[in-house]
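Right, one structure below, let's go through it.
There are 2 protein chains.
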Amino acid sequence: MDLRRLRYFVAVAEARSLGKAAERLRMAQPPLSVQIRKLEAEIGAPLFRRGTRGMDLTEAGQALLARASEALALASDGAEAARAVAAGTRGRLSVGYMFVLANAMLPRLIPELRRSAPGVDLDFAELSASTREARLLDRSVTIALCMPGIHHPEVQVARIGAQPLVLATPIRSPLARLSSVPMARLHGRPLIALPPPEQDPASSAVAALLRRHQIVMPIAGRVETVHSAMSLVLAGEGLAIVPACAKLGAPQGIAFRPLRDATDSIDVTVCWRRDAHSPLIRTFLKCAEKAVARM
Amino acid sequence: MDLRRLRYFVAVAEARSLGKAAERLRMAQPPLSVQIRKLEAEIGAPLFRRGTRGMDLTEAGQALLARASEALALASDGAEAARAVAAGTRGRLSVGYMFVLANAMLPRLIPELRRSAPGVDLDFAELSASTREARLLDRSVTIALCMPGIHHPEVQVARIGAQPLVLATPIRSPLARLSSVPMARLHGRPLIALPPPEQDPASSAVAALLRRHQIVMPIAGRVETVHSAMSLVLAGEGLAIVPACAKLGAPQGIAFRPLRDATDSIDVTVCWRRDAHSPLIRTFLKCAEKAVARM
DNA sequence: TCAACCCATACGTTTTCGGTATGCCAATGG
DNA sequence: CCATTGGCATACCGAAAACGTATGGGTTGA
Numbered sequence: 005m006d007l008r009r010l011r012y013f014v015a016v017a018e019a020r021s022l023g024k025a026a027e028r029l030r031m032a033q034p035p036l037s038v039q040i041r042k043l044e045a046e047i048g049a050p051l052f053r054r055g056t057r058g059m060d061l062t063e064a065g066q067a068l069l070a071r072a073s074e075a076l077a078l079a080s081d082g083a084e085a086a087r088a089v090a091a092g093t094r095g096r097l098s099v100g101y102m103f104v105l106a107n108a109m110l111p112r113l114i115p116e117l118r119r120s121a122p123g124v125d126l127d128f129a130e131l132s133a134s135t136r137e138a139r140l141l142d143r144s145v146t147i148a149l150c151m152p153g154i155h156h157p158e159v160q161v162a163r164i165g166a167q168p169l170v171l172a173t174p175i176r177s178p179l180a181r182l183s184s185v186p187m188a189r190l191h192g193r194p195l196i197a198l199p200p201p202e203q204d205p206a207s208s209a210v211a212a213l214l215r216r217h218q219i220v221m222p223i224a225g226r227v228e229t230v231h232s233a234m235s236l237v238l239a240g241e242g243l244a245i246v247p248a249c250a251k252l253g254a255p256q257g258i259a260f261r262p263l264r265d266a267t268d269s270i271d272v273t274v275c276w277r278r279d280a281h282s283p284l285i286r287t288f289l290k291c292a293e294k295a296v297a298r299m
Numbered sequence: 005m006d007l008r009r010l011r012y013f014v015a016v017a018e019a020r021s022l023g024k025a026a027e028r029l030r031m032a033q034p035p036l037s038v039q040i041r042k043l044e045a046e047i048g049a050p051l052f053r054r055g056t057r058g059m060d061l062t063e064a065g066q067a068l069l070a071r072a073s074e075a076l077a078l079a080s081d082g083a084e085a086a087r088a089v090a091a092g093t094r095g096r097l098s099v100g101y102m103f104v105l106a107n108a109m110l111p112r113l114i115p116e117l118r119r120s121a122p123g124v125d126l127d128f129a130e131l132s133a134s135t136r137e138a139r140l141l142d143r144s145v146t147i148a149l150c151m152p153g154i155h156h157p158e159v160q161v162a163r164i165g166a167q168p169l170v171l172a173t174p175i176r177s178p179l180a181r182l183s184s185v186p187m188a189r190l191h192g193r194p195l196i197a198l199p200p201p202e203q204d205p206a207s208s209a210v211a212a213l214l215r216r217h218q219i220v221m222p223i224a225g226r227v228e229t230v231h232s233a234m235s236l237v238l239a240g241e242g243l244a245i246v247p248a249c250a251k252l253g254a255p256q257g258i259a260f261r262p263l264r265d266a267t268d269s270i271d272v273t274v275c276w277r278r279d280a281h282s283p284l285i286r287t288f289l290k291c292a293e294k295a296v297a298r299m
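Protein sequence lines, in the order shown, are assigned to chains A and B. If you count the first sequence from 1, position 117 lands on 121 in my numbering, and the numbers rise without skipping. If you count the second sequence from 1, position 110 lands on 114 in my numbering, and the numbers rise without skipping.
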């Protein structure tokens, strides 16, 4: 059963004539006649009644016609779909992001994506650092938005920007009076920390910063997300050192101040499985870069 | 876009290996490799990721796979359906019958048809003689069950049996006392008649019978169906001359008596358009003959 | 009766397909 | 470290299928 034969068959059925169909198919009439007869031989029954005024479908032909045109449509639709997926204009993209980035990035990123890849099903999920890694590896998310990234041989990391580390302090604290806070002023003050580096690599940037300036801050609490850290800072439990984008969406009553003498920043990255590299990821990267540039 | 290529594609996608798929397709591996590459060239994008351990679908390949296997299924289903229709084991059969035949034939005919052609959609409609002819010609019914038939160049008529003409009389009439009624006894008595011959050829058989025996019966009423005639006979409006099968389903209070010296009968026929002759009609004919034989 | 129309058949040419032989690459194992 | 193995790709050849041209036969309508 050849798709070309079916195409010929449908053309003849619609034209109700070999000659007309041959013209539409840009071929001569005799080979078309032969192909139709071969199809009939394959089916084992006549599909047309040959009259003196053309060809007319038999009941068997009508039964075939319905399926054949559907099959043709499916085949060309399949080709089109494959092309669209390959071009990155169709498909599904499941993104795991971290909460801090949500307010700063998503309002820019999502419209950008819808414009660049209109046929793509988008699926965003806020996930913790360890969950992002696990879901990326088991392929239940295609892309992870991270700070600073996922270390794994199967995972590719692309840096799309960086966020300076800033101090989050209650607005009534004396530190909030300063336009920027010298590192020395942090010594001995309680710190609200994220999970240790092996669980969340973001905290290693903070640890490195403190170590370099020989500042010791006792851990006053560990939280999963920057958002939770904000709550504890607001409650006066301690200070937090967070990426600047945490400003957006932070509760009232918290001040963010740059750290004087410290230009440390933390990378914003897009991570994906190396073996799932697709044009769609390219598209995503471009959109994400644009979104970060305006943060 | 060739169906063979799609078949190969699906096989490779399922086997996740050219070699395995080639074995299942009973062909050598190199030509299969060539066909897959040609398909990829046609689509314009790679459908597989070639690894050291076999072939893995890309996203584009997955998009194609779903449609391709559907298209394959549709094509082979279409061929199967066409074969079934040609063999008369599938299709639709719309039958227009006359009311008198319903009680005698349908209880035999329908089960017989369901047994002989299980995949066929049956559609029965009780239609008057003129409607049967019109619906047959405009193809809204496939078959008409008639007594005695439809005269038309496009219509083919097959006689499947005959019904003797009998007299229908009120059971309290003196005629009902006789085991058979001499024709002469009908002279001058009122007759409940069907529409004239140009509208319903059944009545011409009755007219011929009377003419041959030089019997004159005044028309006491004209009705569309034998069933209606029975009502008028019961009401004492007159007598009717009807096919013997009218006995079944006739109301109580009517006696049916053979006509002595008259062996006239009326043909039971199956009628269909010549250009719609199909194996299904053959099947129908066989079933109808069986059903009539047992009437 | 002739012309026009439409489908079928015949035959030669070209395209495409499948098989065999072989090459390349990576992973594996001694 | 080299050899072997497994898997896909390439090259070439013979076979099959499809297409085009030429032509035949039947029916319709002027």
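C-beta: ideal position from N, C-alpha, C; glycine also. Remember, it's a predicted structure, so these values are computed and weren't measured experimentally.
Exercise. Taking Cβ positions only, does Met5/B come closer than 8 Å to chain A?
Worked result: Yes, Met5/B counts as interfacial toward chain A.
Exercise. In the segment 87-102 of chain B, which residues sit with their C-beta less than 8 Å from some C-beta in chain A, listed in chain order?
Worked result: Within the segment 87-102 of chain B, the residues whose Cβ lies closer than 8 Å to some Cβ of chain A are Arg87, Ala88, Val89, Ala90, Ala91, Arg94 and Gly95, listed in chain order.
Exercise. In chain B, which residues lie with their C-beta within 8 Å of the C-beta of Ile47/A?
Worked result: Close partners of Ile47/A in chain B (Cβ separation under 8 Å): Ala83, Ala86, Arg87 and Ala90.
For this session: Pair every Cβ in the segment 97-108 of chain A with every Cβ in the segment 119-128 of chain A, then say whether three or more of these pairs are closer than 8 Å.
Result: Contact holds: three or more Cβ-Cβ distances are below 8 Å.
For this session: Give me the Cβ distance between Val272/B and Met151/B, rounded to the nearest whole Å; I'm assuming they're in contact under 8 Å.
Result: Yes, Val272/B and Met151/B are in contact; Cβ-Cβ is about 6 Å, under 8 Å.
For this session: Please name the residue in Ser177/A, Ser134/A and Ala85/A whose C-alpha comes closest to that of Gly95/A.
Result: Distance check between Gly95/A and each of Ser177/A, Ser134/A and Ala85/A places Ala85/A closest, using alpha-carbon atoms only.
Exercise. Since Val159/B is in the beta strand (DSSP E), which residue starts that stretch and which ends it?
Worked result: Secondary structure note for Val159/B: its beta strand (DSSP E) is the uninterrupted segment Val159 to Pro174.
For this session: For the segment 55-76 of chain A, enumerate the residues whose C-beta is nearer than 9 Å to any C-beta of chain B, in chain order.
Result: Going along the segment 55-76 of chain A in chain order, one finds Gly55, Asp60, Thr62, Glu63, Ala64, Gly65, Gln66, Ala67, Leu68, Leu69, Ala70, Arg71, Ala72, Glu74, Ala75 and Leu76 with a Cβ nearer than 9 Å to chain B.
Problem set entry | Spatial distance of Arg176/A from Ala259/A (CA atoms) | So the two alpha carbons sit approximately 9 Å from each other.
Exercise. Considering only residues of the same chain and omitting the five flanking positions on each side of Leu4/B, which have a CB-CB separation below 6 Å?
Worked result: There is no way to answer for residue 4/B, as the model of chain B reaches only from 5 to 299.
Exercise. Would you say the segment 235-244 of chain B touches the segment 184-201 of chain B, given that touching needs at least three Cβ pairs under 8 Å?
Worked result: Yes: at least three Cβ pairs fall under 8 Å.
Exercise. Does the beta carbon of Asp127/B sit closer than 8 Å to a beta carbon anywhere in chain A?
Worked result: No, its Cβ sits nowhere closer than 8 Å to a Cβ of chain A.
For this session: Mind listing the chain B neighbours of Ala79/A? Cutoff is C-beta to C-beta under 8 Å, in chain order.
Result: Per Cβ cutoff of 8 Å: Met5, Leu7, Leu10, Arg71, Ala72 and Ala75.
Exercise. What does Arg53/A reach in chain B if we use C-beta pairs closer than 9 Å?
Worked result: Within 9 Å Cβ-Cβ: Asp279.
Problem set entry | For Ile47/B and Ala295/B, the rounded distance between their alpha carbons | One Cα belongs to Ala295/B, the other to Ile47/B, and the distance between them is close to 58 Å.
Problem set entry | Span separating the alpha-carbon of Ala162/A from that of Asp279/A | Answer to the nearest angstrom: the Cα atoms are 15 Å apart.
Exercise. Quick one: Cα of Gly82/A to Cα of Ala49/A, how far?
Worked result: Taking the CA atoms as reference points, Gly82/A sits about 30 Å from Ala49/A.
For this session: Could you spell out the range, first to last residue, of the alpha helix (DSSP H) harbouring Met59/A?
Result: Unbroken run through Met59/A is the beta strand (DSSP E), Gly58 to Leu61; no alpha helix (DSSP H).
For this session: For Thr267/A, count neighbouring C-beta atoms within 10 Å of its own C-beta (all shown protein chains included) and say buried if the count is 16 or more, exposed if not.
Result: Within a 10 Å sphere around the beta-carbon of Thr267/A sit fewer than 16 other beta-carbons, which makes this residue exposed.
Exercise. For the candidate residues Trp276/A, Ala90/A, Ala121/A and Asn107/A, whose alpha-carbon lies nearest to that of Ala250/A?
Worked result: If you compare the alpha carbons of Trp276/A, Ala90/A, Ala121/A and Asn107/A with that of Ala250/A, the shortest gap goes to Asn107/A.
Exercise. Where Gln39/B and Leu10/B are concerned, what is the direct C-alpha to C-alpha distance, given to the nearest angstrom?
Worked result: C-alpha of Gln39/B to C-alpha of Leu10/B: approximately 10 Å in a straight line.
Exercise. Since Ser184/B meets chain A, which of its residues come closer than 8 Å, beta carbon to beta carbon?
Worked result: Residues of chain A passing the Cβ test: none, with the nearest at roughly 48 Å.
For this session: Spell out the partners DSSP gives Ser98/A in its beta bridges.
Result: According to DSSP, Ser98/A bridges with Asp127/A.
Exercise. Ile196/A by DSSP, collapsed to three states: which one?
Worked result: In the structure shown, Ile196/A falls within a strand segment according to DSSP collapsed to helix, strand and coil.
Problem set entry | 7 Å CB neighbourhood of Gly65/A in its chain, flanking five on each side removed | Same-chain partners within the cutoff: Ala17, Leu51 and Phe52.
Exercise. So Ala206/A packs on Ala133/A, CB below 8 Å; how close in whole Å?
Worked result: A Cβ-Cβ separation of about 7 Å places Ala206/A in contact with Ala133/A under the 8 Å criterion.
Exercise. To which residues of the same chain is Pro255/A closer than 7 Å at the C-beta, ignoring the five residues directly before and after it?
Worked result: Met234 and Leu238, listed in sequence order.
For this session: Spatial neighbours of Lys42/B within its chain, please: CB distance less than 8 Å, with the 5 preceding and 5 following residues excluded, ordered by chain position.
Result: Cβ contact annotation for Lys42/B (same chain, cutoff 8 Å, sequence separation greater than five): Arg9, in chain order.
Exercise. Taking only beta-carbon atoms, is Ser120/A less than 8 Å away from chain B?
Worked result: The C-beta of Ser120/A comes no closer than 8 Å to any C-beta of chain B.
For this session: Would you mind stating whether Ala79/A and Ala75/B have Cβ atoms separated by less than 8 Å?
Result: Yes, these two residues count as a Cβ contact at 8 Å.
Problem set entry | Contacts of Ser144/A in chain B (Cβ-Cβ under 8 Å) | What Ser144/A touches in chain B: nothing, since even the nearest Cβ is about 15 Å away.
Problem set entry | Check whether Phe13/B and Ala72/B have beta carbons under 8 Å apart | The answer is yes: Cβ separation under 8 Å.
For this session: Indicate whether at least one CB of chain B lies closer than 8 Å to the CB of Ser282/A.
Result: Flagged as an interface residue toward chain B: Ser282/A, by a C-beta distance shorter than 8 Å.
Exercise. Cβ of Pro201/B within 8 Å of Cβ of Ser269/B?
Worked result: Judged by beta-carbon spacing, Ser269/B lies beyond the 8 Å limit of Pro201/B, meaning their Cβ atoms are not closer than that value.
Problem set entry | Strand pairing of Cys275/B, partner residues [DSSP] | Ala148/B and Val161/B, per the DSSP bridge assignment.
Problem set entry | Asp6/A vs Asp6/B beta-carbon contact at 8 Å | Taking C-beta atoms as the reference points, Asp6/A and Asp6/B count as a pair closer than 8 Å.
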